[in-house]
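Peer 1: Numbering (the working numbering), first residue to last: 33 to 170.
All C-beta atoms, glycine included, are put in the ideal place defined by N, C-alpha and C.
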Amino acid sequence: MKGSFKLSIFIILFLGIIFSVKSQNYHEKEKEVLRTILRQSGDRETNFNKLGLSVSDTLNWYTSEAWLSKLHNVKWNNLRPSRLTEMNWNIYKKSLKEIDFSDFEYLEVLKLIDNNVIPHISSVIINNNYKLNTLSLS
33 MKGSFKLSIF IILFLGIIFS VKSQNYHEKE KEVLRTILRQ SGDRETNFNK LGLSVSDTLN
93 WYTSEAWLSK LHNVKWNNLR PSRLTEMNWN IYKKSLKEID FSDFEYLEVL KLIDNNVIPH
153 ISSVIINNNY KLNTLSLS
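Written out as structure tokens, the structure reads:
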């Protein structure tokens, strides 16, 4: 009886660990890079507002992945963890001299739109983006 109780506890803990690892659906480094981009702000609003998120979405973006499904114009692949494959954004880039997308190794399409600030960007880093086939900065 005592041994079966210990075995039951072990199985429950083991399954909890397995399911908690599987619950992470998106690549961690890519989430962090996205958070950095989304924190940038323009004259009236932040990038996270322009891309479909509210302040309440950002309160839990380290403990939940729900905010990722709310982002506009982003596509993910079917790998686990999912990797970002497409970004088609109208974002604020005024405070960014350099934009680094090299952590998005599966990125195939990158379109950044903001006619007023493209001249302020000195470099767009895409050195690990071997799958990139469309790049548009306008």
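For Leu32, which residues from the same chain have a beta carbon less than 6 Å from its beta carbon, with the 5 sequence-adjacent residues on both sides left out?
Peer 2: In the structure displayed, the chain extends from 33 to 170; residue 32 sits before or after that span and is not available.
Peer 1: Once you ignore the five residues that flank Asn109 on each side, which residues in its own chain have a CB closer than 7 Å to its CB?
Peer 2: Along the sequence shown, one-based indexing puts residue 109 at 77. So the list reads Arg115, Thr117 and Tyr138, once near-sequence residues are dropped.
Peer 1: Check Asp132 in the structure and name its three-state DSSP category.
Peer 2: What you label residue 132 is simply residue 100 of the sequence shown in a count that begins at 1. Correct three-state label for Asp132: strand.
Peer 1: Measure the C-alpha to C-alpha separation of Ile145 and Leu91 and round it to an integer number of angstroms.
Peer 2: For the purposes of this step, residue 145 is taken as the residue at position 113 of the sequence shown. For the purposes of this step, residue 91 is taken as the residue at position 59 of the sequence shown. Near 27 Å, if we compare the C-alpha coordinates of Leu91 and Ile145.
Peer 1: The alpha helix (DSSP H) with Glu60 in it runs from where to where?
Peer 2: If you number the sequence shown from 1, residue 60 lands on position 28. Taken as a continuous stretch (DSSP letters only), the alpha helix (DSSP H) holding Glu60 covers Glu60 to Arg71.
Peer 1: For my contact list, Ser155 and Glu130 are in at a C-beta cut-off of 8 Å; report their separation, rounded to the angstrom.
Peer 2: In the sequence shown, counting from the first residue as 1, residue 155 sits at position 123. In the sequence shown, counting from the first residue as 1, residue 130 sits at position 98. Confirmed, Cβ separation roughly 5 Å.
Peer 1: Please report the Cβ distance between Lys143 and Asn120, rounded to the nearest whole angstrom; I am assuming they are in contact, meaning their Cβ atoms lie under 8 Å.
Peer 2: Against the sequence shown, residue 143 aligns to sequence position 111. Against the sequence shown, residue 120 aligns to sequence position 88. Going by Cβ atoms, the distance from Lys143 to Asn120 rounds to 4 Å, so yes, they are a contact pair.
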